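Visitor: Pasting a structure below so you can have a look.
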Amino acid sequence: MTKLLLETLKGNPGDRVPFWFMRQAGRYLPEYLEVRATTNSFMEFCYSPDKAAEVTLQPIRRYGMDGAILFADILVAPDGLGQKVWFEKGHGPKLEPVNDEASYAKLSMGAFHDRVGNVYETVRRLKAELPAEVTLLGFAGAPWTVATYMIAGQGSKDHAAARQLGYGNPELFGKIMDMLVDATSEYLIAQIDAGADAVQIFDSWSAAIPETMFERWVIEPTKEIVSRIRAKHAETPIIGFPRLAGAALPTFVDAVGIDCVGLDTGVPLDWAAREIQPKVCVQGNMDPHLVVSGGDLMVSEANRILEQLRGGAHIFNLGHGFVPETPPENVALLSDTIKAFRR
Ligand code: 1CP
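Using UniProt numbering, read the sequence shown as starting at 1 and increasing by one per residue.
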């Protein structure tokens, strides 16, 4: 049985455009909320293979996506390194900040795989349970995006704490980034060992970074992770997603050596078709908020995206994740629209 999404990632697109959605498992689905309610702590939920595998499968059963993304979170990596991570209702993630030598000294790779090992077990279960035609996607956060949480101790608007540490104490900042390169490479390699068919590296906060720092904070660490994965798993496709990188996107694609790049909602598609799609597969870029209103505009926009990217390898996805208020029936209509399209 061929996997259409995996083949498309390898640069062999078919007649139909494969699809999956960022945050396809999550709070917009009543069956997710039901399973989620059985565990208080979100991190513990991520480390429960039965529950994490179940919520990964839920959207596949409902909508028949071509890709299933492992249910976990990008903040599993700092937790594996020994940083305290927890989620507070209504406040998002909280971490004990790593912003000086003393807090950095508490981190290590020593117990990483033991601490996050249940995530690998989730991948093994998914591998066994998923239909043969569905591509299993592993993922991790990119070092820069994960560092913004580690350094600030929470989500932040313009990532002031990480930027200021990066400029003001480049030595300490560099050590945190190096540790994240080690952790992320090993974490993704272990997910592939456990059965992931492809992996995505989320750099959600790579917007508005000066170009010298974009090179150092976004391109170099991601490139190093890609090369370490390739050394072990040369055949496994890697998707990069430097969200809101704008005109730096082609530079990122050329330098990092990924197989596919995620396009956020603001990327003009005629430009992407001309400048990026000849080099790598593209994925994206529907506005998740348009799936909240749904209807004819959602359908015509989906068809526009499919048309504009029909000339090369394309995986239909969103420009960012589903928001909790997304009506599940709109996801059904969007899925049917994509399935009906032929290149
Ligand atoms: O209680 C809940 O259900 C919390 C909501 C939730 C969910 C469903 C969080 C908390 N994480 C997740 C799962 C998740 N996170 C997945 C798995 C599956 C899927 O996509 O279906 C993935 C891939 C992520 C990745 C993730 N986590 C990113 C990168 C992608 C993106 O959205 O930009 C980021 C930035 C996070 C951090 C995070 N996790 C959760 C929250 C509330 C946040 C903070 C977001 C912020 O700072 O705005």
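Idealized CB from N, CA, C, for every residue including glycine.
This one's a predicted model, so the numbers in the text were calculated from it and none came from an experiment.
The beta strand (DSSP E) that contains Q283, what's its start and end?
Guide: Taken as a continuous stretch (DSSP letters only), the beta strand (DSSP E) holding Q283 covers 281-286.
Visitor: Please state whether DSSP places G166 in a helix, a strand or coil.
Guide: G166 falls in the helix class under three-state DSSP.
Visitor: Answer yes or no: do D259 and I239 have a C-beta to C-beta separation smaller than 8 Å?
Guide: Yes, they are a contact pair.
Visitor: How about I74 and F202: do their beta carbons lie closer than 8 Å?
Guide: Taking 8 Å as the Cβ cut-off, I74 and F202 qualify as a contacting pair.
Visitor: Could you check how far apart the C-beta atoms of S206 and W144 are, in whole angstroms? I think they sit under 8 Å.
Guide: Right, their Cβ atoms sit about 6 Å apart.
Visitor: According to the neighbour-count rule (16 or more other Cβ atoms, all chains shown, within 10 Å of its Cβ), is M1 buried or exposed?
Guide: Classification for M1: exposed.
Visitor: Specify the secondary structure class of K51 as computed by DSSP and reduced to three states.
Guide: The answer is helix: DSSP assigns K51 an H, G or I state.
Visitor: Is it right to say L33 is buried, meaning 16 or more other beta carbons lie within 10 angstroms of its own, or is it exposed?
Guide: Looking at its Cβ environment, which holds fewer than 16 other Cβ atoms inside 10 Å, L33 is exposed.
Visitor: Quick check: does the Cβ of Q83 come within less than 7 Å of any heavy atom belonging to the ligand ZN?
Guide: Although the ligand ZN was asked about, the structure shown includes only the ligand 1CP as ligands.
Visitor: Cutting at 8 Å between CB atoms, please list the residues of its own chain near P328, excluding the five before and the five after it.
Guide: Cβ within range, chain order: Y28, L29, P30, R62.
Visitor: Since T122 contacts P49 with CB under 8 Å, what's their CB separation in whole angstroms?
Guide: Confirmed, about 4 Å.
Visitor: If distances are taken between C-alpha atoms only, which option among F87, C281, G80 comes closest to T39?
Guide: Cα-wise, what sits closest to T39 is F87.
Visitor: Apart from the five residues on each side of it in sequence, which residues of its chain come closer than 6 Å, Cβ to Cβ, to A154?
Guide: The residue asked about is misnamed: residue 154 is Gln in this sequence, not Ala. Excluding sequence neighbours, Q154 sits near K94.
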